[in-house]
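Asker:
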Amino acid sequence: MTFLEGIAQYLIEQELKLATAESCTAGLIISELARVPGSGQAIDCGLGVYSPEAKNRYLGVRYSTIENFGLTSEETAKEMALGALDNNHADLAVANTGVAGPDPQGDIPVGTVCFAWAFRHAEKKYLYTATRRFNGDRNDVRLAAAHHALERIPQYHQAVLEGKAPPL
171 MTFLEGIAQY LIEQELKLAT AESCTAGLII SELARVPGSG QAIDCGLGVY SPEAKNRYLG
231 VRYSTIENFG LTSEETAKEM ALGALDNNHA DLAVANTGVA GPDPQGDIPV GTVCFAWAFR
291 HAEKKYLYTA TRRFNGDRND VRLAAAHHAL ERIPQYHQAV LEGKAPPL
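Letter by letter, the sequence shown follows residues 171 to 338 in the numbering used here.
1) Provide the residue span of the beta strand (DSSP E) that contains K339, from first to last.
2) Between S234, L297, R302 and C284, which lies nearest to K334 when the distance is taken from Cα to Cα?
3) Ordered along the chain, which non-local residues of its own chain (more than five positions away) have a Cβ less than 7 angstroms from that of A316?
4) For the 8 angstroms Cβ check, are there 3 or more pairs between the region 293-313 and the region 207-225?
5) Since I believe L186 is in contact with D261 (beta carbons under 8 angstroms), could you give me their beta-carbon distance rounded to a whole number of angstroms?
6) Do you know how far the Cα of L252 is from the Cα of R312?
Structural data, given as C-alpha cells:
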C-alpha cells in the first residue's frame, strides 16, 4: 500500500470528511489524495486561497491576524483551518500558508510552511499547528508540504480520539 492509499484508507475507515484551505500548495493536498481511487468518499472540498482577500472572504481570516502575524504564520493557518472546518461539511480541515519560492518573503526563507489541522469530534473542536521548512525548488516544497499535511492526520486524529488533545 502506498503512503497516499494509507491516508485515504484511514480517512475512510474513520469516516472523516476532509476540507483543505491551501495557500502555497494551491490545491495539491486535495489533488494528491484524489489520486487514490475511492478517496472521494473522504473529501468534502479543497480551497485554494492565495490572497489575503480570499482568505478573508472564504475562510473568515481576519485582516488584523495577517497584519499582526503575517501571511506565513501559524496564526493565519489556524484561522484558515477553523474557517474551512466551520464553513464546510467536514470533520477535518487542513490548512497551510507559506513561501514556496522562488524568492523569500521578507525575512521568511523559501521553503517555510505553516500548517494547521482542525478536527471536529464529539461536538468539540481541536487544533494543531506547526511550522516546517522544506528544501528544493518551488514544486519540491509544495509537494513535500502537501505530503506532510496528509501524513500528520492519523497521528493528530488519534490524539483527539484518545483524549490527549485539549479542545478549543
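Glycine included, each C-beta is placed from N, C-alpha and C at the ideal position.
Answerer: The relevant details are as follows:
1) The requested residue 339 is not part of the displayed model; the chain covers only 171 to 338.
2) In the sequence shown, the residue the question calls residue 334 occupies position 164. Closest option to K334, Cα to Cα, is L297.
3) Translated into positions along the sequence shown, residue 316 becomes position 146. Closer than 7 angstroms at Cβ, skipping near neighbours: T195, L198, I199 and E202.
4) no
5) Here residue 261 refers to the residue found at position 91 when the sequence shown is read from its first residue. Here residue 186 refers to the residue found at position 16 when the sequence shown is read from its first residue. About 5 angstroms; that satisfies the 8 angstroms criterion.
6) As a first step, residue 312 is located in the sequence shown; it is residue number 142 there, counting from the start. As a first step, residue 252 is located in the sequence shown; it is residue number 82 there, counting from the start. In a straight line, the C-alpha of R312 is about 22 angstroms away from that of L252.
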